[in-house]
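K.L.:
The sequence shown begins at 1 in the UniProt record's numbering and counts up by one.
Backbone N, C-alpha and C fix where the C-beta goes; we use that ideal spot for every residue, glycine too.
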Amino acid sequence: MDGSTYKKLEKDGRDLFEENFFEHNMPKGMKGYYYVTAIDENGNESEKSEMVSATANIDAEGNVYVGNSILISNESLDWETFQSIGTWPAASNIRSLVKKEDSASYDMDKVISLPEMSGKQPEGIVRSKSRIAGEDYQLYDEKEFFSQDENEPNQKITATLLYNGKYAQVWADDSRFTEEHAKKIGEEFDNRIYPLVTEHFGSESDIDGNGKISLLCFDIQGDYAGFFSFIDLIPNGLLPGTETSNSGEVLYIDTDPLMEKNGQLTDIERSFPSIVHELQHLVNANRDLYIEENYDEEYNDSFMDIWLNEGLSVAAEHVYNGPQLDWIEYYNRSESIPAGHSLLNWEYDGDVRSNYSLSYLFLQYLRIQSGQGTAIYKELINDEDGNYKAVEKMIHKYIDPDMSFGEFMTAFRAALVLKAPEVLYGFKGEEGFDLLSVREDSKGTISLRGGGAILKPIDSEITEPADKGKDVKYNGIFR
Numbered sequence: 001m002d003g004s005t006y007k008k009l010e011k012d013g014r015d016l017f018e019e020n021f022f023e024h025n026m027p028k029g030m031k032g033y034y035y036v037t038a039i040d041e042n043g044n045e046s047e048k049s050e051m052v053s054a055t056a057n058i059d060a061e062g063n064v065y066v067g068n069s070i071l072i073s074n075e076s077l078d079w080e081t082f083q084s085i086g087t088w089p090a091a092s093n094i095r096s097l098v099k100k101e102d103s104a105s106y107d108m109d110k111v112i113s114l115p116e117m118s119g120k121q122p123e124g125i126v127r128s129k130s131r132i133a134g135e136d137y138q139l140y141d142e143k144e145f146f147s148q149d150e151n152e153p154n155q156k157i158t159a160t161l162l163y164n165g166k167y168a169q170v171w172a173d174d175s176r177f178t179e180e181h182a183k184k185i186g187e188e189f190d191n192r193i194y195p196l197v198t199e200h201f202g203s204e205s206d207i208d209g210n211g212k213i214s215l216l217c218f219d220i221q222g223d224y225a226g227f228f229s230f231i232d233l234i235p236n237g238l239l240p241g242t243e244t245s246n247s248g249e250v251l252y253i254d255t256d257p258l259m260e261k262n263g264q265l266t267d268i269e270r271s272f273p274s275i276v277h278e279l280q281h282l283v284n285a286n287r288d289l290y291i292e293e294n295y296d297e298e299y300n301d302s303f304m305d306i307w308l309n310e311g312l313s314v315a316a317e318h319v320y321n322g323p324q325l326d327w328i329e330y331y332n333r334s335e336s337i338p339a340g341h342s343l344l345n346w347e348y349d350g351d352v353r354s355n356y357s358l359s360y361l362f363l364q365y366l367r368i369q370s371g372q373g374t375a376i377y378k379e380l381i382n383d384e385d386g387n388y389k390a391v392e393k394m395i396h397k398y399i400d401p402d403m404s405f406g407e408f409m410t411a412f413r414a415a416l417v418l419k420a421p422e423v424l425y426g427f428k429g430e431e432g433f434d435l436l437s438v439r440e441d442s443k444g445t446i447s448l449r450g451g452g453a454i455l456k457p458i459d460s461e462i463t464e465p466a467d468k469g470k471d472v473k474y475n476g477i478f479r
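#1: To which residues does DSSP link T160 through a beta bridge?
#2: First and last residue of the alpha helix (DSSP H) that includes D326?
#3: Considering just the uninterrupted stretch of the beta strand (DSSP E) at N475, what are its terminal residues?
#4: Between V64, S46, N68 and A339, which lies nearest to L418 when the distance is taken from Cα to Cα?
#5: Closer than 8 Å by C-beta to V314: which residues in its own chain qualify, once you throw out the five before and the five after it? Chain order, please.
#6: Return the Cβ separation of L71 and R413 in integer angstroms, given the expectation that the two are a contact with Cβ distance under 8 Å.
#7: How is the beta strand (DSSP E) around Y252 delimited, first residue to last?
#8: Who pairs with K261 in a beta bridge, going by DSSP?
#9: For the alpha helix (DSSP H) holding I376, just list the boundary residues, first then last.
#10: Could you give the distance in angstroms between the alpha-carbon of E41 and the alpha-carbon of V423?
#11: Using a threshold of 6 Å, is the CB atom of G209 nearer than that to any non-hydrogen atom of the ligand SAH?
#12: Just to confirm my understanding: we take S96, look at its own chain, exclude 5 residues before and 5 after, and list those with CB closer than 7 Å. What are they?
#13: Would the beta-carbon of L289 fall within 7 Å of that of L233?
#14: In terms of alpha-carbon separation, which member of Y365, H341 and S354 lies closest to D441?
#15: Following the continuous beta strand (DSSP E) through F227, name the residue where it begins and the one where it ends.
#16: Can you name the start and end residues of the beta strand (DSSP E) that I112 belongs to?
#17: List in chain order: all unbroken beta strand (DSSP E) runs of 3+ residues lying wholly within the segment 174–228.
#18: Keeping to the same chain, check which residues put their C-beta closer than 8 Å to that of V283; ignore five residues upstream and five downstream.
#19: Quick check on this structure: which residue in A159, E384 and T266 has the alpha carbon closest to the alpha carbon of E180?
#20: With DSSP run on the structure shown, which of helix, strand or coil describes K393?
#21: Secondary structure at D59, three-state DSSP: helix, strand or coil?
#22: Which residues does DSSP list as the beta-bridge partners of Q83?
#23: Just to confirm my understanding: we take L366, look at its own chain, exclude 5 residues before and 5 after, and list those with CB closer than 7 Å. What are they?
#24: Grab the span of the beta strand (DSSP E) containing A38 for me, first residue to last.
#25: Looking at the strands, I want to know which residues DSSP matches up with V64.
#26: Taking the CB atoms as reference points, tell me whether G469 and S84 lie closer together than 7 Å.
#27: Got a sec? Which residues, its chain only, sit under 6 Å from T158 by beta carbon, not counting five neighbours each side?
#28: Looking at the secondary structure, which residues open and close the alpha helix (DSSP H) in which P273 lies?
#29: Restricting to Cα atoms, I'd like to know which of N44, S46, V64 and E45 is closest to G476.
#30: Is the distance from the Cβ of L215 to the Cβ of I253 below 7 Å?
#31: May I have the straight-line CA-CA distance separating R449 from S76, to the nearest angstrom?
#32: Quick check on the burial criterion: 16 or more other C-beta atoms within 10 angstroms. Buried or exposed for I58?
#33: Taking G165 as the reference, which of Q155, S245, S271 and Q138 has the closest Cα?
#34: Using C-beta distances below 8 Å, list every residue in its chain close to D467, excluding the 5 sequence neighbours before and after it, in chain order.
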């Protein structure tokens, strides 16, 4: 079989043959089950062997691996700890690679978490839900907002209400942003974005009691297309650290450079995916903070892990406007992903674009493999566990009851390489994912964080190193 080798068969201590067995034209990732029978020179046939199995293009058995690449994956859930991939053989077994440079830019966001308040009890939080009397703002009214600027946390901006719709209020603090711009954003939100996100991901809170979400459009400082702040969902001053809360549901959307083109704000539509992205964060926060009431002395650990939350937000963009080709392209250009970038370790101060890319691809892989369509997103959000445990429940329920989350991460990394059209090791032929490039390690990576993986090119079989980390798994890959 392509990618599966039987080296030797013995009977009565004699080598009967020493040839490889290949089954050609077997689909990538397909698992076959076989019995082996030996025939000697006189035509005598042995009894059938025990049943053996092999998967096309994947060599995962034993400790000697063949292929043209080796996939090395750290299946540990501890993303803070590195594990060695083991001592590698002579360099003659490893093919050289050419590095690619990254010069592209991509829209990013941030999620501002709640302040650290160890030991503080949350009695006032749940009582605050929908308890604030919302002000009845009219078009062209002005309102002060905390801008949530990390460098100037107490900074306020004065915004003007330019659209007051069914679900959205569009506020602007940019003289170039017009009522026409606000109408374009507001109508898209009311007619398409809000219904789509609430259907597939969940409902928002309404702590200010006005039944609407504020879209605050201004020049965000830093490399952000938009952001969401947990702090706004707690009334201002109710708890220490919430003195900059805007006491309501607010999505922060950049005007420049996000909407800017040739010095004017003419690319308004470019903000739509960012609004979708931030709205998912908002409904996700409502689930954590008010529906599940995950606010206690360890509350930040009780909220959904950022890698999963961000993956869901980019998934919302996928539902809105199809495959996210920017993040697929970034996967193809990233230098840190082929060097072992962890799916689980979110690095705002590192190559965070690689985090977005991996989280997006992982959530799409889960959706496709589960066979549940976009319903899997709301099921994840509604699960009481906002981390790998929720994903593992979905794996057991829809994919394989015996597969661990760590094993699923390894299968995901293999899928990025093989892109098999029908089975576990691919995206079942969905549009866009065939554009993924094979990314092999060119930096000589020697250890991996939990959730990290590398693909090394090889020219001959590789024996699994005895000194590798306990959670580090090897798989031979035939491409």
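P.N.:
Taking the definition as stated:
#1: E142 and A172
#2: L325 to R333
#3: V472 to I477
#4: N68
#5: H277, Q324, W327, Y356, S359, Y360 and L363
#6: 6 Å
#7: V250 to D254
#8: Q264
#9: A375 to N382
#10: 40 Å
#11: For the ligand SAH, the structure offers nothing, since it holds no ligand at all.
#12: Because the pLDDT at S96 is just 33, under 50, the model does not fix this residue reliably, and the point stays unresolved.
#13: yes
#14: H341
#15: G226 to S229
#16: D109 to I112
#17: 213–218
#18: V197, T198, F201, G202, S203, E204 and I381
#19: T266
#20: helix
#21: strand
#22: L448
#23: I376, V391 and M394
#24: Neither: A38 is in no beta strand (DSSP E) and is coded neither H nor E.
#25: T463
#26: yes
#27: E142 and E144
#28: F272 to N286
#29: V64
#30: yes
#31: 8 Å
#32: buried
#33: Q138
#34: S84, G86 and T87
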